[in-house]
Structure formats: structure tokens, C-alpha cells
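One structure is given below, encoded as C-alpha cells.
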Amino acid sequence: MLNSHDVSDRRILAAVRELRSLNERRFTTRQLQVPFQRGWRRDYVLNDRALNREDRPVLEAILKVIGSTFVHHTRNFQHRRGRSRKLCEIEQPLRPIPLHEWERKNYPQSWHRYFQYQLLLTWGNHWQPHWVFTQPSFYRLKTSRNMIFEIRVIDPDVERRIGELERWLELNQAWARYGSLKGRRQSWRWCDGEARLQKLTNKRHRQEISRARENFPEVDPAASVWRIPTSLRPFLFLPA
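Shown next as C-alpha cells:
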């Protein structure tokens with residue numbers, strides 16, 4: 004026979020399952036009878052020299068993996084950078100393939116002749132192995148209109164039910180219990196990741212300030228006095 008705790012846990016699990024199922028059906032796609040343009044898009048395509056090569060199918064298959072698409076509101080793909088507000092072109096490099104992705108998706112061994120093994124600095128200041136394409140001259144950037152052929156429409160009934168489930172889970176503090184049922188670690192810090200990141204950021208700032216004070220002779224003369232690590236007490240100002 005189930006007790007009250009078991010019944011409550013089953014209700015929580017059922018509510019989370021229903022919420023995830025509804026989130027998958029939250030939007031429906033509707034085709035437009037009259038497409039419209041929203042900005043411009045820039046893609047990589049094969050250049051004229053690569054179109055005449057014997058390995059054209061291989062280059063096209065590689066492009067589907069390392070190619071990138073960028074959408075911008077102007078056709079020149081430029082933005083203003085820094086205080087000078089200088090117009091700079093938006094960079095759009097080819098995507099390097101991480102080593103774990105290459106092994107997981109089992110790309111053909113014949114592709115190795117087009118790539119070079121390198122260590123790249125990724126997010127979080129970590130060096131990760133990648134396969135970098137060595138023949139970027141085979142491709143060129145092509146700008147075209149970004150046409151919208153379909154839109155996503157929110158189902159009001161599904162949205163209403165999602166709101167009811169989210170309110171019930173929050174009011175009953177069910178998310179913490181759900182994490183416990185799934186075996187997740189319960190920490191007294193609800194944002195321990197953000198706290199650790201802030202601690203590392205503060206440490207880096209202190210190191211930069213200390214390094215700047217060591218290089219005091221190179222400080223701009225127009226800098227304010229409070230940044231000068233020299234006390235003014237030893238100086239005596241005598242009347243003329």
C-alpha cells in the first residue's frame with residue numbers, strides 16, 4: 004500500500020513527464036502562402052576552381068559539416084565595434100571539427116588529407132584537440148536573401164497547461180524533490196557554479212590590478228591620483 008509520500012512522488016514524476024511532453028508540442032509549424040524576407044544570409048559555397056575538381060563530392064560533403072550560416076539585417080555584414088564605432092566586417096570562419104565529434108560521428112578516413120590536427124583554445128581557457136580544414140580557398144562566401152517560408156505558432160491550450168504545471172511545481176517546491184528522486188546532488192548552494200565563476204573572476208581582477216601597480220611608471224600621466232600607490236604624507240609644502 005502506498006503512503007502519502009509515495010503518492011506525492013508519483014504526482015511529481017507524472018507532472019514533470021507531462022511538462023516535458025507539452026514543451027515538445029508547444030509550437031506548431033505553419034507554412035506561409037506568401038514568403039517574406041527577413042534580413043540577409045551568408046553561406047559557404049564551392050568556388051569555380053573547386054567545382055571542376057575530381058573530388059568535388061568530397062568537398063561538398065565536408066562543407067556540410069564545417070560550413071556556417073550567418074544572418075544579418077544589412078547586406079554588407081558589417082557592425083560597429085568599440086568606442087570609435089568603426090565599421091568592421093563580421094568574421095565567419097569555417098568550423099573546426101572537435102576530436103570527440105570526429106570519433107563519435109565516424110567521419111571517413113579519406114578526409115584526413117584535407118585536415119590538420121591542432122590544439123585550439125576553447126571556451127573556459129581550455130585547449131582541446133580539433134581537426135582544422137587546411138584548404139579554405141576551395142570555398143567562398145555567398146550572400147542571399149533570407150526568406151521566411153514558415154512560422155511557428157503557439158498552441159494556446161498547451162501554453163495554458165504548461166503554465167498550470169509550472170506554477171504547481173514551484174508552489175509545492177517539487178523541483179528539488181524531483182532532483183532528489185533522480186539522484187542529483189543536493190548542495191546548499193543553489194548557484195554554486197555562478198559563485199565559483201564569480202570567485203575566479205574576482206581573483207583575476209585582483210591579479211590584473213596588482214600587475215598594473217607594478218608597472219606604475221607606464222601609467223598615463225592624466226590618470227587620477229587615487230590610483231597612485233604613493234603616499235603624499237612625506238612631502239612638506241613650504242611657503243615661498
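In our numbering, the protein residues as written are 4 to 243. By construction, the Cβ of each residue, glycine as well, lies at the ideal position given by its N, Cα and C atoms. Source: prediction; values computed, not measured.
Cα-Cα separation between glutamine 95 and arginine 84, rounded to whole angstroms:
Cα to Cα, the separation comes out at about 16 Å.
For the alpha helix (DSSP H) holding serine 183, just list the boundary residues, first then last.
Unbroken alpha helix (DSSP H) run through serine 183: 177-184.
Using the Cβ count rule (16 or more neighbours within 10 Å means buried), how would you classify tyrosine 120?
It counts as exposed.
Using C-beta distances below 7 Å, list every residue in its chain close to cysteine 91, excluding the 5 sequence neighbours before and after it, in chain order.
So the qualifying residues of the chain are Gln81, His82 and Arg84.
Excluding five sequence neighbours on each side, which residues of the same chain lie with their C-beta closer than 7 Å to the C-beta of threonine 125?
So the qualifying residues of the chain are Gln131.
List in chain order: all unbroken beta strand (DSSP E) runs of 3+ residues lying wholly within the region 72-145.
Segments of the beta strand (DSSP E) lying fully in the region 72-145: 73-75, 81-84, 89-92, 118-125 and 129-136.
So, helix, strand or coil for arginine 230, using DSSP?
Low per-residue confidence applies at arginine 230: pLDDT is 47, beneath 50, and the placement is therefore not dependable, though the value from the model is reported in the following sentence. It is helical.
Beta carbon of isoleucine 151, beta carbon of arginine 33: below 8 Å?
Cβ distance not < 8 Å, so isoleucine 151 and arginine 33 don't count as in contact.
Just how far apart, CA to CA, sit valine 48 and leucine 172?
If I take the Cα positions, the gap works out to 49 Å.
Which residues does DSSP list as the beta-bridge partners of phenylalanine 39?
According to DSSP, phenylalanine 39 bridges with Ile151.
Thinking C-beta only, is proline 101 closer than 8 Å to histidine 133?
Cβ atoms of histidine 133 and proline 101: closer than 8 Å.
Since arginine 44 contacts threonine 77 with CB under 8 Å, what's their CB separation in whole angstroms?
The C-beta distance from arginine 44 to threonine 77 rounds to 12 Å, too long to meet the 8 Å contact threshold.
Beta-carbon gap between phenylalanine 136 and isoleucine 212 smaller than 8 Å:
Going by C-beta atoms, phenylalanine 136 is not nearer than 8 Å to isoleucine 212.
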